[in-house]
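Each protein sequence line maps, in turn, to chains A and B.
Sequential numbering of the first sequence, starting at 168, is according to our numbering.
Sequential numbering of the second sequence, starting at 26, is according to our numbering.
Note that beta-carbon positions come from the ideal geometry of N, C-alpha and C, so glycine has one too.
Notes to accompany the following structure.
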Amino acid sequence: MESPVEIVQHTAGGVIGLSWLMIVLPLLGAAILLVLGRKTNRWGHLLGVAMSLASFVVAVLGFFALIGLPDDQRRQAVHLYEFIPGMVDMGLLIDPLSISFALLITGVGSLIHIYSIGYMAHDPDRRRFFAYLNLFVAAMLLLVLSDNYVGLFIGWEGVGLASYLLIGFWQFKPSAAVAAKKAFIVNRVGDFGLLVGMFIIWTSFGTLAFGDLGAKVNGVQDGTTLAIGLLLLLGACGKSAQLPLQSWLLDAMEGPTPVSALIHAATMVTAGVYLVVRSGAFFFPEGSTAALAVAIVGAATLLAGAIIGCAKDDIKKGLAGSTMSQIGYMMLGAGLGPAGYAFAIGHLITHGFFKADMFLGAGSVMHGMNDEVNMRKYGGLRKYMPITFVTFIVGYLAIIGFPLLSGYFTKDGIIETAVHHQPVLGWLAVAGAGITGFYMSRMIFMTFFGEKRWDADAHPHESPAVMTVPLIILSIGSIFLGGYLILSNTLMKFLAPAVGRPTDLPVFHFASVPGLATLALVAVGAGFAWFRYGRAEVPVVAPRGSFVTTFARRDLYGDALNESLFMRPGQWLTRIAVFFDNRGIDGVVNGLAAGIGGTSGRLRRLQTGFARTYALSILIGAALLTGALLLVGNI
Amino acid sequence: MNGAIEAPTIEYGLLAPLLLVFGAAVIGVLVEAFAPRYLRKSIHVPLTLLSLAGGFALVLVQALRGSLPTTPAAMGAVAVDGPSLFIWGVILVLSFVCVLLINDEGHFVASAAAVPGSADEEEAETAGGGHTEVYPLVLFAVGGMMLFPAAHDLLTMFVGLEVMSLPLYLLCGLARRRRLLSQEASMKYFLLGAFSSAFFLYGMAMIYGYAGTVSLPGINQALSSGVLLDPLLLIGMALLGVGLLFKIGAAPFQAWKPDVYQGAPTPITALMASGTLVAAVGALLRVFWVGLGNLDWDWRPVMWGVAALTMLVGSILAITQTDIKRMLAYSSIAHAGFLLIGVMATFDSPAGNAGSLSAILFYLVVYGFTTVGAFAVVTIVRDPGGEAWHLSRWAGLGKRSPLLAGTFAFFLLAFAGIPLTSGFFGKYAVFTAALGSGAEVGDSLGGWMVGLVVLGVVASAVAAFFYVRVIVLMFFSDAAADGPSIAVPSTGTVAVISVAMLVTVGVGLFPQPVLDLANQAASGLFIR
């Protein structure tokens, strides 16, 4: 195995030295839009798009500057300033891993910005929406570009904030407000894990910089690193909606669809994968217990998400279940060490494309169907929205792993590596792929094929070009990107300086046993979906279904579990705490406060307002000072 | 010696910033004497601003030239060293900003000599105009503020102290609203200031009696050779300390501060809270580090008590205040206590001393700008009768003017030392310096320093209570129906608030440039 190369301090100017612009530009956009407020309503969305595009341009230039360097120079640390003296130096780390993320965030982000111009055209608060989107892009870039955990954490909280604001963007809907709060609270659990993990890193190793940790940890694995690894994993689970912190993602679909596409599919939810891969060399090395935990969480979530996806009639929630599941694949890959990193990141990138493609496609469908999300009220839409249909089909084929499309290469890479390293988890992933074939086909058949089951007032129509052009670009990526990244190990070689790589580069087999089994299961799943939803009629009102269906419809009882395990005992605990708080702690605190307040009130009387009293106090003070000095001097 | 008095050599180049400010002040007096009334203000404002800006430019020129002299200027009277230049720069910028506030209409009485409420006053009021003497007075005060911390011997320092204080006594009495309160403040400040100056002089005389010189390094030298336990010396040191601690408002010499801050016209309060404090802390440092440096084992325990008392008195008494300016005055007392922690943080090594000196300088910048910003906000929240001084009038301000209330809230958070504001780094720097000094001088004082820092953190927590209380009042209380109106601020006031906000936010996010500057200024320590 080759380990990551040393981080070199970036000295010369050039594009890499200017990479902070990537973060500052969208941040500036958000600030302008929020501070100037309504004055910018007319052109605010254009500024938002411009800032995102400008950031993309910087990222592309940075990318080319980076590949212009020799392999051992490809981790450039850009020092910005000393943030907390003696503790944190704020700086950016430009390496293949971070620049890949930056390209995905700014590239897909810009497309979604453009799409939103059309999607939010009729919303009176469009300008505010773009301000939040810009804020998100800035925070996400800070998350991936920081060269230390503190910067990462600030970005991490920033994207959490942006996500909260955007899920609850239509706050007049109680469901949206509740969903935003839920996302925020569940994420708090994960953030707490990350924070405590950072505390332990600081106390154990005395640094929070990625560049110094390698030498400090030095490959030693003990209880401390395991604890750190599990805490970071908890953080990753919160942000990436992995078991057991998955419950917020489905509700997060209350946000506007571009938000679901950008934040809750393509970028923010993959931050957990980034965290694991970035910390991989220190806390999740190949074969460690922490890495195994990551893989197990990934495998469990990929199945859970897929099962949830089977039962959802809401097109966005179906896609959200699928997002959970696909991130499960990435986590599984990230838990396999350097052999899996390239596939995990590759799947992350291709997923960013095809899932954004499908989410935006779903948005386009909703746009034409009066914001209807229930697939049971769709049907036969392919004739009315041809471009949306074709691009959605491309995304669909990519996600189920249709041969030669993007998802085929990256997902198959994860599955084969998993079967090789962790056979049990690997075969679970194969099963998950079969279920993916079923629920995604179900979505296609219910939406685009079959009879019209529309509401009376629905007049489906194709969306304007500002929405369809991003769809087309995304679907092109969904077709070709995977093959380009995986076939000749392009991505693995590119990422090697940042995350290391296995000694023997893997060779992609088109006819391996797990690969063929996956294809067969996907075909079975798709066939079954056709049997149930393509050939047969789809009832407009959901049938009751078996207990398995109910189980899946209720999100595997995730909310019920949370409520009975955490919420109710939590409420009891708070009641008990409040009881004791009122009796005991409040007594002390209030007593203390009252004591200070009382002291204040009494001391205040010394402030008589008479100059003579003040002069006397000065005299007494002088006497005291003199006395004290004489005393100290004579000790 | 042949009987003739030697002509003193004066390094005009080095003293140029000082001379420029004093020169402009003298010209200002001439303007008062000879220019027609309607022209005066339009001459004073550019003159004052230009001289302050020019002074700052001269400071910059000297700082950039690199090599500072290693001996004091003007026959050993004034030390132009790194800390002096830094403090001059800070004072000049702060006073420039305060002059922008002073320049705003409506802060100063039209005729100070008229009895409040009399017909004379009404007449003067309708005639308009106001006192234009304010400008030269401010310039004299600023010149005094510059001389005070740079003085290299006690006599010069006393001159600086008086030149700084006398104009301020006058300025305090010129408020247009609440005139009786203002005149009372002026009177009290004058009486108590004179009283404390007497202590300073008396202390100086005692020390002269012991050391036979008033030059600071001369005193220090006498300490290393003479009898250390001479009561003459110890009493002199205590009385000198009283005079200086009075100026920074340390307990138990703080009583004047709330009354004076409350009564003075708010722009003058801003000038006193920022400029005077900076100057007095600078002078305190110079006396105790340069003049009495060899005696630090004696004065540090006493200073410990003063710092602890000051922090506690400041933050505890602030809780029950209902006048916004008084509250800020107590907050200023608490901050003086935090600064004293830094003054105590002396080391055995020059590098350590430079570290804590730089922490204090940094703190002064941070606190100076935030406090000017806060008082600037106070000037524009108005009732029909003037500024809305009572805290209850601020209820619900956040709902009516969210931007202004938000700005003020941010200043308060900076006072409280919440991270991502400049105040956090100020406290962090001073506390770190104190802990480091405790660790270096060994266990005997180390524990005491840790104790002081803990006390500082506790005092910060108590102080946070009343800062946050104002924020809660502004944002979570219902507004009074006849609540204060927000005066449309002049461009100058907007500029002041913006600059203060910029520094508070900017230093909170990027402390490094200012820290670097402070480090550079402190690296050479004081001239000895």
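Count Cβ pairs between the segment 357–371 of chain B and the segment 79–88 of chain B that sit closer than 8 Å; are there 3 or more? no
Check the Cβ of S221 of chain B against every Cβ in chain A and list those closer than 7 Å, keeping chain order. I785
What in chain B is Cβ-close to T434 of chain A, meaning under 7 Å? Those within 7 Å of T434 of chain A in chain B number zero; the least Cβ separation is about 25 Å.
Indicate whether W419 of chain B and M526 of chain B have their beta-carbon atoms separated by less than 8 Å. no
Taking Cβ-Cβ distances shorter than 8 Å, what residues in chain A pair up with I344 of chain B? Within 8 Å Cβ-Cβ: I763, G764 and S767.
Once you ignore the five residues that flank P514 of chain B on each side, which residues in its own chain have a CB closer than 6 Å to its CB? I405
Tell me, please, which residues DSSP counts as bridged to P257 of chain A. According to the sequence displayed, residue 257 of chain A carries Met and not Pro. Under the DSSP definition of a beta bridge, M257 of chain A partners with A:Y248.
Taking the straight line between their C-alpha atoms, what separation do you get for I199 of chain A and A379 of chain B? 41 Å
Can you name, in chain order, every residue of its own chain whose Cβ lies under 7 Å from the Cβ of Y392 of chain B, other than the five neighbours on each side? H360 and G451
Does DSSP put F313 of chain B in a helix, in a strand, or in coil? F313 of chain B: helix per DSSP, three-state reduction.
Assess, as a yes-or-no matter, whether the segment 295–309 of chain B is touched by the segment 219–227 of chain B under the definition of 3 or more beta carbon pairs within less than 8 Å. Touching, no, given that fewer than three Cβ pairs across the two stretches are closer than 8 Å.
Since L264 of chain B meets chain A, which of its residues come closer than 9 Å, beta carbon to beta carbon? A789, L792 and T793
For the alpha helix (DSSP H) containing D323 of chain B, name the first residue and the last one. D321 to A343
Please decide whether G318 of chain A counts as near chain B, where near means a Cβ-Cβ distance under 8 Å. no
Distance check for F612 of chain A and W697 of chain A, CA to CA, integer angstroms please. 7 Å
Whose Cβ in chain B lies nearer than 7 Å to the Cβ of Q774 of chain A? A280 and P283
Take L119 of chain B and list the residues in its own chain whose beta-carbon comes closer than 8 Å to its own, dropping the five residues that flank it on each side. The residues L296, S299, G300, V303, G393, F394 and V397, in chain order, have a CB closer than 8 Å to that of L119 of chain B in the same chain once the five nearest residues on each side in sequence are set aside.
Contacting positions in the segment 188–201 of chain A - beta carbon closer than 7 Å to chain C: You won't find chain C in this structure, because its protein chains are A and B.
Which residues in chain B have a C-beta closer than 8 Å to the C-beta of V245 of chain A? List them in chain order. Close to V245 of chain A, with beta-carbon spacing below 8 Å, lies no residue of chain B; the smallest spacing is near 15 Å.
Note down, in chain order, every chain B residue with its Cβ under 8 Å from the Cβ of A778 of chain A. M212, K213, L216 and L217
Does DSSP put I284 of chain A in a helix, a strand or coil? helix
Cβ atoms of I183 of chain A and I272 of chain A: under 8 Å apart, would you say? no
Do A280 of chain B and G198 of chain B have their C-beta atoms within less than 8 Å of each other? no
Cβ neighbours of L515 of chain A in the same chain (closer than 7 Å, five flanking residues each side left out): T437, V440 and M497
Check whether the Cβ atoms of P637 of chain A and I334 of chain A sit closer than 8 Å, and answer yes or no. no
What's the call for D323 of chain B, buried or exposed, on a 16-neighbour Cβ count within 10 Å? buried
Contacts of Q545 of chain B in chain A (Cβ-Cβ under 9 Å): The contacting residues do not exist; Q545 of chain B stays about 15 Å from chain A at best.
CB contact check: F535 of chain B to chain A, cutoff 8 Å: yes
Got a sec: is the Cβ-Cβ distance from G316 of chain B to anything in chain A below 8 Å? no
Taking the alpha-carbon positions, what's the G502 of chain A to I395 of chain A distance? 15 Å
Are there 16 or more other CB atoms within 10 angstroms of the CB of I234 of chain A, so buried, or fewer, so exposed? exposed
If I'm right that Y563 of chain A touches G649 of chain A with Cβ under 8 Å, what's the distance once you round it to whole angstroms? Not really, about 14 Å apart at Cβ, beyond 8 Å.
Inter-residue Cα distance where the pair is G288 of chain B and S356 of chain B: 16 Å
Answer with yes or no whether the minimum CB distance from F433 of chain B to chain A is below 8 Å. no
Could you pull the start and end residues of the beta strand (DSSP E) that V406 of chain B belongs to? V406 to D408
So, is the C-beta of G800 of chain A closer than 8 Å to a C-beta in chain B? In terms of beta-carbon proximity, G800 of chain A lines the interface with chain B, with at least one pair separated by less than 8 Å.
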